[in-house]
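For reference, the structure discussed in these notes is given below.
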Amino acid sequence: MLQAKYSEWFKEHKSQLWPMDGYKFIDRGGIYAGIRGVHNPGKEGYRYDVLHPRSGLPCTEPLMGYRFPKETMDQLLADGRIIFGDDHTKLIELKAYAHEYQEKLSSVIEIDGRSGAYDVRELFPEYRTAFENPKPVKFLQRFIPLLLKNQGDIYLDFFAGSASSAHAVMDLGAKDGVSRRFILVQIPERCNEKSDPFKKGVTSISELSKERIRRAGKKIKQDNAGKPDIANLDIGFRVLKIDSSNMKEVYYTPDAVTQEALPGLVDNIRADRSAEDLLFQVLLDWGVDLALPISQQSIAGKTVFFVDGNALAACFETGIAEDFVKQLAAHKPLRVVFRDSGFISDSVKINVEQVFKLLSPATEIKTL
Ligand SMILES: C[S@@+](CC[C@H](N)C(=O)[O-])C[C@H]1O[C@@H](n2cnc3c(N)ncnc32)[C@H](O)[C@@H]1O
């Protein structure tokens with residue numbers, strides 16, 4: 001039964017199994033092939049009888065005898081590792097299991113190993129070599145459809161390098177209409193100082209990765225300009241950098257706080273952080289998708305970020321007065337976030353809840 005099922009599968013896939021296309025048998029030990037491994041190559045080997053299990057007659061001996069002494073053969077027989085032919089006139093063979101296979105398996109994917117470099121050269125004609133050993137886009141595209149079949153599926157690449165994966169994802173989207181996404185991670189590694197990009201002022205690999213995504217996106221749109229839904233292909237991307245917390249480290253013991261230091265403690269946000277830095281902290285805190293559309297609006301002279309339409313409104317400016325709060329509440333955002341020290345007075349800050357309760361009761365309010 002097991003052999004019959006396996007033979008069926010084997011027949012169907014044999015053409016793709018080289019060099020394992022000799023492994024057409026199966027038993028409880030696994031898939032195996034019969035090999036001439038017991039025959040002694042070249043010089044004279046061991047000579048003794050191996051009796052055929054059906055006829056009890058000695059099997060035909062290999063030309064130069066056996067490779068192993070009789071004790072070893074007896075052990076192989078006892079372990080069921082010897083394959084007998086239909087009768088004693090056939091040479092015996094050794095059972096070689098596929099899981100013991102040691103030879104180097106050649107790749108089942110035939111792709112010119114240089115095509116990765118060609119992909120990059122096509123986008124960066126100004127460089128002879130922009131990046132060492134970039135993965136070929138075609139190679140990555142052999143796997144992506146097998147794993148990422150649905151709209152919005154995410155390709156996560158922890159070792160971005162020249163961003164071949166982003167190129168492959170976008171290009172495939174143009175081909176099969178599945179709009180997948182990518183998250184690439186690249187440490188701030190410097191380009192090789194002998195490399196063309198470095199000589200032309202591109203010092204970090206992540207700069208190269210970003211530029212490749214830009215150029216690849218543009219080229220994919222151009223190359224597929226005739227396609228009906230190419231306009232919907234999203235080639236946009238955001239770049240975020242891991243950094244220390246936006247919040248000041250305020251570990252003071254009571255005796256360490258002086259009267260003079262107090263004003264500096266009012267604002268707990270590091271001075272060198274931008275409104276965008278604070279916005280992405282809030283998105284992370286609230287577990288909001290970092291790739292959602294973000295727009296900016298000026299309300300009462302204050303810059304307000306709107307994430308995914310009205311899902312979140314964020315203003316990190318100072319000098320926040322009640323009038324501004326009312327105008328913002330009128331937008332009825334699902335969530336709103338302010339800078340904790342951004343209000344012109346404590347009463348305005350306290351009144352925020354009341355204003356929203358009145359104008360947009362469903363809004364979740366947060367300060368940073
Ligand atoms: C072999 S390259 C990747 C090549 C990439 N697949 C391509 O096709 O261009 C590995 C990359 O991973 C980066 N890297 C190494 N360690 C890393 C880490 N811990 N986190 C993020 N990136 C890392 C290296 O800077 C290098 O750019």
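The numbers in this note's numbering rise by one with no breaks, and the one at position 355 of the sequence shown is 355.
Note that CB positions come from ideal geometry on N, CA and C, so glycine has one too.
As the structure is a prediction and not an experimental result, all values here were calculated from the model.
Straight-line gap, residue i to residue j (C-alpha atoms, nearest Å)
i, j, result
"LEU76", "PRO41", "19 Å"
"PHE316", "SER298", "12 Å"
"ILE320", "GLU207", "37 Å"
"LYS366", "ARG238", "25 Å"
"GLN259", "ASP340", "21 Å"
"MET1", "ALA174", "46 Å"
"GLY177", "GLU12", "31 Å"
"ARG128", "ASP196", "7 Å"
"ILE294", "ARG180", "20 Å"
"GLN141", "ASN224", "17 Å"
"ASP74", "PHE10", "31 Å"
"ALA33", "ALA96", "5 Å"
"ASP157", "ALA166", "9 Å"
"GLN296", "THR303", "7 Å"
"SER360", "VAL337", "14 Å"
"ILE230", "GLY236", "13 Å"
"SER347", "GLN327", "17 Å"
"PRO69", "TYR46", "6 Å"
"TYR118", "LYS241", "29 Å"
Proximity test, Cβ basis, 8 Å: residue i and chain B
i, result
"TRP9", "This model lacks chain B altogether; it includes just one protein chain."
Of the residues the options, the one placed nearest residue i, counting alpha carbons only
i, options, result
"ALA330", "ASN310, LEU51, ILE154 and GLY22", "ASN310"
"ARG273", "ASP243, ALA168 and VAL325", "ASP243"
"ALA386", "LEU358, VAL137, LYS43 and LEU63", "In the structure as shown, the chain begins at 1 and stops at 368. Residue 386 is therefore absent and cannot be evaluated."
"ALA163", "LYS218, LEU328 and GLU211", "GLU211"
"LYS43", "MET64, LYS70, ALA168 and SER204", "MET64"
"VAL266", "ALA96, VAL50 and GLY342", "GLY342"
"ASP171", "ASN232, LYS199 and GLU364", "ASN232"
"GLN3", "ARG28, LEU358, ASP153 and GLU126", "ARG28"
"GLY56", "GLY37, THR89, ILE111 and ALA78", "THR89"
"PHE124", "ILE26, SER209 and GLY30", "SER209"
"MET247", "LEU368, PRO53 and PRO19", "LEU368"
"MET20", "GLU103, ASP87, THR72 and GLU8", "GLU103"
"GLU322", "GLY116, ALA271 and ILE344", "ILE344"
Cβ distance (whole Å) where residue i is taken to contact residue j below 8 Å
i, j, result
"ALA314", "PHE305", "5 Å"
"ARG81", "LEU94", "6 Å"
"VAL307", "LEU283", "7 Å"
"PHE25", "PRO53", "Not a contact, Cβ separation roughly 16 Å."
"GLY30", "HIS99", "5 Å"
Contact check, residue i vs residue j, beta carbons under 8 Å
i, j, result
"VAL169", "ILE205", "no"
"GLU353", "LEU334", "no"
"ILE111", "PHE139", "yes"
"VAL325", "VAL288", "no"
"ILE269", "LEU278", "yes"
"PRO62", "ASP49", "no"
"TYR6", "VAL38", "no"
"ILE220", "PHE182", "no"
Any non-hydrogen atom of ligand 2 closer than 7 Å to residue i Cβ
i, result
"GLN75", "You won't find ligand 2 in this model; what it holds is ligand 1."
Q: Give every residue whose Cβ lies closer than 6 Å to any heavy atom of ligand 1, listed in chain order.
A: Near ligand 1, residues with a Cβ at less than 6 Å from any of the ligand's heavy atoms are PHE131, PRO134, LYS135, PHE158, PHE159, GLY161, SER162, SER164, VAL185, GLN186, ILE187, GLU189 and ILE205; the list follows chain order.
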